[in-house]
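To start, the structure under review is shown below, and the notes come after it.
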Amino acid sequence: MREKPPRPTAAERAVADLLPINADPEAARKLIGRVPLWFHTFNLDHSAKDLYTPGVARDHRYRIPAIPEDFSGLSVLDVGAFDGFYAFLAEHRGARRVVAIDNEQYRAWVRSRWGVELEGGEGFDAIRQQLGSRAEYRRLDAFEMERLEERFDFVFCFGILHRVENPLGLLRAMRACLNEGGRVLLETYGVTEPELKESSAIRVYGRGEVYAGDDYVFWGFSPAGLDELAAHAGYESFELFDTPLIDGHPRLIGTLVAASASAAARRARGFSDSH
Ligand SMILES: C[S@@+](CC[C@H](N)C(=O)[O-])C[C@H]1O[C@@H](n2cnc3c(N)ncnc32)[C@H](O)[C@@H]1O
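Per numbering that gives the first Met the number 0, the sequence shown runs over residues 0 to 274.
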């Protein structure tokens, strides 16, 4: 049976309040109605705080302390952006360039979970227009991000690593798009079993096991597993930030750091000296 899209939670409204949008109430109501299903909650009437998009994402508060307060001068890529809340937040916090990509895989699970047909990109577009934002949206698979022919200082990779068939490939693709010293803020699905939490094993979830009607959650990761994957993908380190349990769902958030050219050269020298 299909779920009814829930009302936005107080938790998600608190996240939405970080991004001020000042639409007049009439325009805000129209904007909300233009999009058949919202993933992100946006506060459209910042002063009154009573017109929110009805986002289905439940509670992203745990992400907020890991997001920089200041993006001044940075170029930012949001991978798997959906409605783009984090892309717009980065722009609001001073990013000089913001690109959001999504292959719109969500259309399939939104259809099977809620019975709602989306064209793709309509939430992002509505908010971009309302904000007068310069953030760019591309319908693009993350594995083809090199087609952007651009490198970034900061990449958001939220809610997607557990949804791709080749997670190591995605980490490599993002690494190749980073400027020297750049970083990826990574949030993904974790594991609850104590023996898996301590090991580098990757848990394979069954079809619909994590969210009924959503067949696109494949993997659960542990910090040690991400450490190993990060090393394979050419990152300097994976710095774990938190492993919260949100509504019974284990989440994991941390930063993948690309080696600066000098650190990479030092490592290469050390490697050739001793081998
Ligand atoms: C659960 S949503 C997360 C949205 C947002 N990043 C967040 O965490 O708030 C996962 C998003 O990743 C997108 N996605 C999944 N696989 C992708 C791929 N291979 N390339 C680009 N986007 C992808 C989905 O279409 C969806 O928008």
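Ideal Cβ positions, reconstructed from N, Cα and C, are used throughout, including at glycine.
Quiz item: When the Cα atoms are used, what is the spatial distance from T187 to A47?
Solution: Locating residue 187 in the sequence shown gives position 188, where the first residue counts as 1. Locating residue 47 in the sequence shown gives position 48, where the first residue counts as 1. For T187 and A47, the distance between alpha carbons rounds to 33 Å.
Exercise. Give a yes or no on contact between the segment 90-108 and the segment 73-81, applying the rule of three or more CB pairs nearer than 8 Å.
Key: yes
Self-check item: Under the three-state DSSP convention, the category E11 falls into
Solution: Here the question's residue 11 lines up with position 12 in the sequence shown. DSSP places E11 in helix when its eight states are reduced to three.
Quiz item: According to DSSP, is E192 helix, strand or coil?
Solution: On the sequence shown, position 193 is the one that residue 192 refers to. Here E192 sits in coil by DSSP.
Quiz item: According to DSSP, which residues form a beta bridge with T187?
Solution: On the sequence shown, residue 187 is found 188 positions in, with the first residue counted as 1. T187 pairs with L251.
Exercise. Please classify V34: does DSSP put it in a helix, a strand, or coil?
Key: To locate residue 34, count along the sequence shown from 1; it is residue 35. Coil.
Quiz prompt | For G120, the nearest candidate out of R106, L130 and R110 (CA to CA) | solution = Translated into the one-based positions of the sequence shown, residue 120 becomes position 121. The residue from R106, L130 and R110 with its alpha-carbon nearest to that of G120 is R106.
Quiz prompt | Closer than 8 Å: V78 CB and nearest ligand 1 heavy atom | solution = What you label residue 78 is simply residue 79 of the sequence shown in a count that begins at 1. Yes, since a heavy atom of ligand 1 falls inside the 8 Å radius drawn around the Cβ of V78.
Quiz item: Does ligand 1 have even one heavy atom less than 8 Å from the beta-carbon of N21?
Solution: Start at 1 with the first residue of the sequence shown, and residue 21 comes out as number 22. A distance criterion of 8 Å places the beta-carbon of N21 beyond contact range of ligand 1, judged by its closest non-hydrogen atom.
Quiz prompt | Near ligand 1: I75 beta-carbon under 8 Å from a heavy atom | solution = Here residue 75 corresponds to residue number 76 of the sequence shown, with the count starting at 1. Note on residue identity: the sequence assigns Val, not Ile, to residue 75. Checking every heavy atom of ligand 1 against the Cβ of V75, none is found closer than 8 Å.
Quiz item: Which residues bound the beta strand (DSSP E) around Y85?
Solution: On the sequence shown, residue 85 is found 86 positions in, with the first residue counted as 1. Not the beta strand (DSSP E): Y85 falls in the alpha helix (DSSP H), residues F84 to H91.
Quiz prompt | alpha helix (DSSP H) runs contained entirely in the segment 90-119, provided each spans 4 or more residues | solution = 105-113
Quiz item: Excluding sequence positions up to five away, which residues of its chain have a Cβ less than 8 Å from the Cβ of R138?
Solution: Here residue 138 refers to the residue found at position 139 of the sequence shown. These residues qualify, in order along the chain: I100, D101, N102, E103, G119 and G120.
Quiz item: Opposite G131 in the DSSP bridges: which residues?
Solution: Position 132 of the sequence shown holds residue 131. DSSP, once it has assigned bridges, lists no residue as partnering G131.
Practice problem: Please state whether DSSP places Y204 in a helix, a strand or coil. | Solution: Numbered from 1 along the sequence shown, position 205 holds the residue referred to as residue 204. In the structure shown, Y204 falls within a coil segment according to DSSP collapsed to helix, strand and coil.
Practice problem: Would you mind reading off the limits of the alpha helix (DSSP H) that contains D152? | Solution: If you number the sequence shown from 1, residue 152 lands on position 153. Note, D152: premise wrong, no alpha helix (DSSP H); beta strand (DSSP E) at F151 to F157.
Practice problem: With a threshold of 16 other CB atoms inside 10 Å of the CB of D241, please say whether the residue is buried or exposed. | Solution: In the sequence shown, counting from the first residue as 1, residue 241 sits at position 242. When all chains shown are included, D241 counts as exposed.
Quiz item: If we ignore side chains and look at the alpha-carbon of each, how far apart do S273 and A258 end up?
Solution: If you number the sequence shown from 1, residue 273 lands on position 274. If you number the sequence shown from 1, residue 258 lands on position 259. Residue confidence is low: S273 scores 43 on pLDDT, short of 50, so the model does not pin down where it sits. No coordinate-derived value is stated.
Quiz prompt | contact_flag[the segment 63-74, the segment 164-173] where n(CB pairs < 8 Å) is 3 or more | solution = no
Exercise. Pull up the DSSP beta-bridge partners for D241, would you.
Key: Counting from one through the sequence shown, the residue named residue 241 turns up at place 242. The partner list for D241 (beta bridge, DSSP) reads I252.
Self-check item: Contact belief for E116 with H59 at Cβ below 8 Å, rounded distance in angstroms
Solution: Counting from one through the sequence shown, the residue named residue 116 turns up at place 117. Counting from one through the sequence shown, the residue named residue 59 turns up at place 60. In fact, because the Cβ distance is near 25 Å, the residues do not count as touching under 8 Å.
Quiz item: Is the segment 192-202 touching the segment 213-226 in the sense that three or more CB pairs, one from each, lie closer than 8 Å?
Solution: yes
Quiz prompt | Residue(s) in a DSSP beta bridge with S279 | solution = Outside the shown range of the chain (0 to 274) lies residue 279, about which nothing can therefore be said.
Quiz item: Nearest to A211 by CA position, among R133, W113 and T8, is which residue?
Solution: Taking the sequence shown and counting its residues from 1, one reaches residue 211 at position 212. Comparing Cα positions, the closest option is W113.
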